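Novice: FYI, the numbering for the sequence shown is 46 to 672, going by the working numbering.
Following this message is one structure expressed as C-alpha cells.
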Amino acid sequence: MYSGKLPIENSRQPTVRHLGLIIGVNQYQDPAFQTLHYAENDARALAQWLVNSKGGKWAPPDVQLIQGQHATRELLEGVITQICLHKAEPGDSILIYFAGHALVSDANGEGYLALTNSRANDPTTCLHLNSFVQQVLAASKASHILCMIDCFQNGQMWQMRRSTPYDSKPLLGPNVLGALQKMPDRLFMCSCRGNERAPETGERGLGFLAHRFILGVCGPAQEAGTGNILLPTLHSYLFANLSEQQRPQLFGQQTSPLLLVGTLASQHIAEPAIAASPASSSTGGSGLLSKAGLRSQQTTGAVNLAEQVYAATGSTAGFSSSTTDMLMPSSLDSRRQQQCQQLIERAQQFFQAQNFGEAFNLAEQALHIDPTYQEALILKAQLLGTAGRYQEALLVVDQMGQSMPTNPIAWSMRAVLLSNVGQHQAALAAIERSLELDAQNPESYVIKNTITANIALGQSQAGKQSVSKFQLAAVAKPQSARKIFFSGIGLHLLGLVVGSLGAILPLLSSHLSPSIGNGLMSIGLALICVSSAISAFRRGLVALGIALLHALFAGIILGLVYLLRFRKVYAILQGTNKDQFLPIIHSQVLPLFMLVLWLAMAVSLPFLITLVSGVAGAVTRARRKKQ
C-alpha cells in the first residue's frame, strides 16, 4: 500500500543514498536457454542513465553493472551479499535490476533466476529467490529494496500456474509472496520479456520495458515542480504505456515513498527540479540515450570484463570530454594525420561487423604510418584482448602509457587486462590511477567494482569448493589423508570379510540357499570397488597403497584356507570311492574354487579401478587448479 509523500515541516530530508546492482545476460552456456537480444543493452542503458549527470545522478561508485559471461551465480551471490548486508545502511535505497532468463522448477515449484553458468535442469546452479528473500532482503539494513525482474519465463510449472498469458506471480510463488507481506518496503516489480508463446521484442535497440522506463524517467514519470521520481508514479506510467506482455506487476508493501531520483522536501519550501529533463517523451528520451553514449546496436553477445571497457574505448563517445581531450594528435602533417584517421574509422567498422582480421590489419597500417597514434594503439589492444591474447595487449597498453602516461584510457585498459590474467591487486591499482586522472568516467567505476568483486570472490572461495551461499549453511571440511587412508583400509577389510564369508558359506552349512552366499560376495566386491574408486580419485597414490595392503590381506586369507581346509578336502578325496566323489566335489571343492575366484577378482579389480580413478582425479585437480 502506498502512503504518498511524507510530511516534513521544518527542514529538508537528507539526500537518499542509492545503491544499484544492474545485471543483464544475453547468452547462456546451457543451450536450453534461448539467446536474448536486448537484455544486456537494457542493463547498460539503465546503468548509464542512473549515473548520468542529466539522468539519475546516482554516485557511480554505488552502481555496479555486471553483464554477459561475467554474470555467474557465484559472483552475483557475493556481490548481492556485499551490497545488501555489508554496504547498505539505514536510510539507503537499493535497486536490483535483472534482465535475462528465469524459471519455475518442476521439482519443487520454486522460482529461480538463471545466470550465464546456470543449467535449466539443475536449479541449484541458479539464484533461488525464496532463499534470497529470506536470507538477504529480511536481513538488510536498507530502508527500501526494489527488485526489477525483466525476464524470459521458462518451465512447465510456470505455464500451469499462470492466471494470465504473461503472469509473473508463479516466479515468486506463495512462499515469497507471503514473506513480502511481512517485510515492509521490500518490493518486486516483474515484467515478461517473453515466454514459450511470446518472443522477446524491443524498440530502438532496447527491450520495451527498458525503453519506456528511460522515456518515463526523462519527463512523464517526474513529479511536477520537484522533478522527483517516485516508484508509484513510475509504475503507473509504465503500466499505462506498455502492452499486456511487458506491463509490470508490483508485489510487496510500501509503507514510505521509494524515491528513485531527487529529494523529499518540505511541501512549504519551493525547490528547483532535480534531475530535470525535457518534458517531451520520445524526443527527450532518445536525446538522453545519445548523450549518455549508449551504442545499443554495437553491443553483442556475452560481454565480459574486457569487452565492457572495450565497448567504451572503441568509440570516444563513451568517455567524458576530459578523457577524449587526452587523445592528442600525433606529430604528423595534416595529410598523414587524415590518412591514419581514415584507416581507424574503417577498422572500427570492420570491428563492429566482427571482422577482426581486417580491423587488425588496418590498425597495423595506421601504426606503420605513426607508431604512437593513440587511437590505433587502443584499437589494437582491444582486438588482442578480444582474441584472448592478453600479454600482447598489455605490451601495447604499456606502449600507450610510455607515450602518454596521463591517459586514463590506457590505465583502464591495463586494469582490465591485468584482471583477466588473474592479477587483481595490480588491476585495482591501475583502475585507481585511471580514476585519479578522470573521476567522471562511469565505465571506470564499473571496472573497479567488478575487480573488487573478483577479489572478494577469490578470497571467499580460497581453500574450498564453490558452493551456493544462499543454499548451504556450512561446508564439510575435507578429510585428512590419514583419515581417508584408514577409512579406505577399513572398507576394504569389511569387503574382504563379507565376500569371503559368502564364498565359504556352503562349507559351513549345506542347508543354506546359494543365493545368500552369492549376495554376500556381490556386496563385498561392491564395497571394495567403491572404496578404491573414491580413495584413488581423492588421494591418488594413497589409494595405491591401500590396494597393495588389500592384496596382502587377500593372500593371507587364501593361505589360511589352504592350511585349514584345502589339505583336509584333498585327503578326503583320496580316500573316497567313485560313487561319493561328485557329491564331495559339489559340497567341498566348488566352494573353495569360488573363494579363490572371488579373491582373484577382489585383488585385480581394485588395482584397475585405482589406476583409472587416480588418473581421473589428477586431471580434475589440475583443471580446478588452472581455473
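In this text, a Cβ means the ideal position worked out from N, Cα and C, and glycines have one as well.
From a predicted model like this one, the values you see are computed outputs, not experimental measurements.
(1) What are the boundary residues of the alpha helix (DSSP H) that includes residue 138?
(2) Can you have a look at residue 161 and say buried or exposed, based on whether 16 or more other CB atoms are within 10 angstroms of its CB?
(3) Which residues does DSSP pair with residue 233 in a beta bridge?
(4) Let me make sure I understand the geometry here. Which of 195, 217, 258, 260 has the alpha-carbon closest to that of residue 245?
(5) So the candidates are 209, 176, 159, 136; which of them puts its Cα closest to the Cα of residue 190?
(6) Strictly by DSSP, which residues pair up with residue 167?
(7) Go to residue 96, then tell me how far its alpha helix (DSSP H) extends in each direction, as first and last residue.
(8) Looking at the structure shown, is residue 66 part of a helix, part of a strand, or coil, going by DSSP?
(9) Do residue 224 and residue 178 come within 8 angstroms of each other at the CB atom, strictly closer than that value?
(10) Put residue 666 into one of helix, strand or coil per three-state DSSP.
(11) Which residue marks the beginning of the alpha helix (DSSP H) containing residue 304, and which one marks its end?
(12) Is it buried or exposed, residue 638, if we count other Cβ atoms within 10 angstroms and call 16 or more buried?
(13) Between the alpha carbons of residue 228 and residue 62, how many angstroms are there, rounded?
(14) Kindly indicate which residue of 241, 545, 581, 94 has the alpha-carbon position closest to the one of residue 306.
(15) Excluding sequence positions up to five away, which residues of its chain have a Cβ less than 6 angstroms from the Cβ of residue 643?
(16) Answer with buried or exposed for residue 105, where buried requires no fewer than 16 other C-beta atoms within 10 angstroms of its C-beta.
(17) Since residue 123 is in the beta strand (DSSP E), which residue starts that stretch and which ends it?
(18) Please list, in chain order, all residues of the same chain as residue 522 whose beta carbon is under 8 angstroms from its beta carbon, the five residues on each side excluded.
(19) Just grab the DSSP bridge partners of residue 660 for me.
(20) Is it buried or exposed, residue 241, if we count other Cβ atoms within 10 angstroms and call 16 or more buried?
(21) When DSSP labels each residue in this structure, what does residue 291 get in the three-state scheme?
(22) Per DSSP, which one or two residues make a beta bridge with residue 252?
(23) For residue 444, tell me which candidate among 132, 648, 417, 464 has the shortest Cα-Cα distance.
(24) Between the segment 423–431 and the segment 390–400, are three or more C-beta pairs nearer than 8 angstroms?
(25) Per DSSP, residue 173 is paired with what?
(26) Hey, residue 258 and residue 81 are a contact pair by Cβ (cut 8 angstroms); roughly how many whole angstroms apart?
(27) DSSP beta-bridge partners for residue 274?
(28) Buried or exposed: which applies to residue 601, given that a residue is buried once 16 or more other Cβ atoms fall within 10 Å of its Cβ?
Specialist: According to the data block:
(1) Not the alpha helix (DSSP H): residue 138 falls in the beta strand (DSSP E), residues 138–149.
(2) buried
(3) 192, 296
(4) 195
(5) 136
(6) 164
(7) 84–96
(8) strand
(9) yes
(10) helix
(11) No alpha helix (DSSP H) contains residue 304, which is instead part of the beta strand (DSSP E) from 304–306.
(12) exposed
(13) 21 angstroms
(14) 94
(15) 544, 548, 566
(16) buried
(17) Residue 123 -> not in any beta strand (DSSP E); alpha helix (DSSP H) instead, spanning 118–126.
(18) Since pLDDT at residue 522 reaches only 38, below the 50 mark, its modelled position is unreliable, and the value read off the structure follows with that caveat. Once the five neighbours on either side are set aside, residue 522 has no close Cβ partner at all.
(19) DSSP, once it has assigned bridges, lists no residue as partnering residue 660.
(20) exposed
(21) coil
(22) 247
(23) 417
(24) yes
(25) 157
(26) Not confirmed; about 17 angstroms, so no contact.
(27) 306
(28) exposed
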